[in-house]
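> With our numbering applied, the sequence shown covers 26 to 151. Cβ atoms here follow ideal geometry from the backbone N, Cα and C, with glycine treated the same way.
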Amino acid sequence: MIFFLKDYNKSGFSIFIDAPHIDRLIDTIKTKNEKAVEKNVSLSERQLEHLVKKLPVTLTSQLSNINLTLAELMALKEGDIISASLPEYFPVFIGKEALFSAAITENRGKLFFSEFNDQPNEMNHD
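(1) When you compare only the Cα positions, how much space is there between ASN58 and THR130?
(2) Is the separation between the beta-carbon of SER67 and that of PHE118 shorter than 8 Å?
(3) Have a look at LEU76 and ASP43 and give me their C-alpha separation to the nearest angstrom.
(4) Could you give the first and the last residue of the continuous beta strand (DSSP E) run that contains GLU122?
(5) Is the beta carbon of GLN90 less than 8 Å from the beta carbon of TYR114?
(6) In whole angstroms, what separates the C-alpha of ASN132 from that of SER69?
(7) Strictly by DSSP, which residues pair up with SER86?
(8) Going by Cα to Cα distance, which pick from GLN144, SER139, GLU122 and GLY134 is closest to THR83?
(9) If you compare alpha carbons, which of SER108, PRO145 and HIS46 is closest to PRO81?
(10) Which two residues bound the contiguous alpha helix (DSSP H) that contains LEU95?
(11) To the nearest angstrom, report how far apart GLU74 and ASP48 are at their CA atoms.
(12) Beta carbon of PRO145, beta carbon of PHE125: below 8 Å?
(13) Answer with buried or exposed for ALA100, where buried requires no fewer than 16 other C-beta atoms within 10 angstroms of its C-beta.
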């Protein structure tokens, strides 16, 4: 399945759904009577779209990568400061697939994605 973000027609991503998850999707739309009568049900495009929209996804982003030697890491003490350069936009991932990039903004002590950009940065997410 290929999805496009609203108002971002150039940015899409694919989700490959394995057989057990397809079965789970099908089971969620069957009633108890249908389950007893029929094992194989084909979904209409609308039903499948409705189910897929309910699939949970986790967006992740990595704020920084810092390379230290083991000696530097072991020498760190409480109160030490590690300097880091931060990009203007951070890549946003589902799994290991970068979808887009976004600015990170803070409001009342919480961080939020904002200012979405179609082009993901080159920062890797492992």
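Looking at the atomic coordinates:
(1) Residue confidence for ASN58 is low, a pLDDT of 48 falling below 50, so the modelled location carries little weight; the figure read from the coordinates is stated next. Rounded to whole angstroms, ASN58 and THR130 show a C-alpha spacing of 50 Å.
(2) No.
(3) Approximately 15 Å, taken between the alpha carbons.
(4) Residues 122-132.
(5) Reading off the sequence, residue 90 comes out as Asn, not Gln. Judged by beta-carbon spacing, TYR114 lies beyond the 8 Å limit of ASN90, meaning their Cβ atoms are not closer than that value.
(6) For ASN132 and SER69, the distance between alpha carbons rounds to 42 Å.
(7) BP columns for SER86 point to VAL117.
(8) Checking every option, the nearest Cα to that of THR83 belongs to GLU122.
(9) Nearest C-alpha to PRO81: HIS46.
(10) Segment 95-100, the alpha helix (DSSP H) holding LEU95.
(11) Rounded to the nearest whole angstrom, the CA to CA distance from GLU74 to ASP48 is 15 Å.
(12) Going by C-beta atoms, PRO145 is nearer than 8 Å to PHE125.
(13) By the 10 Å Cβ count, ALA100 comes out exposed.
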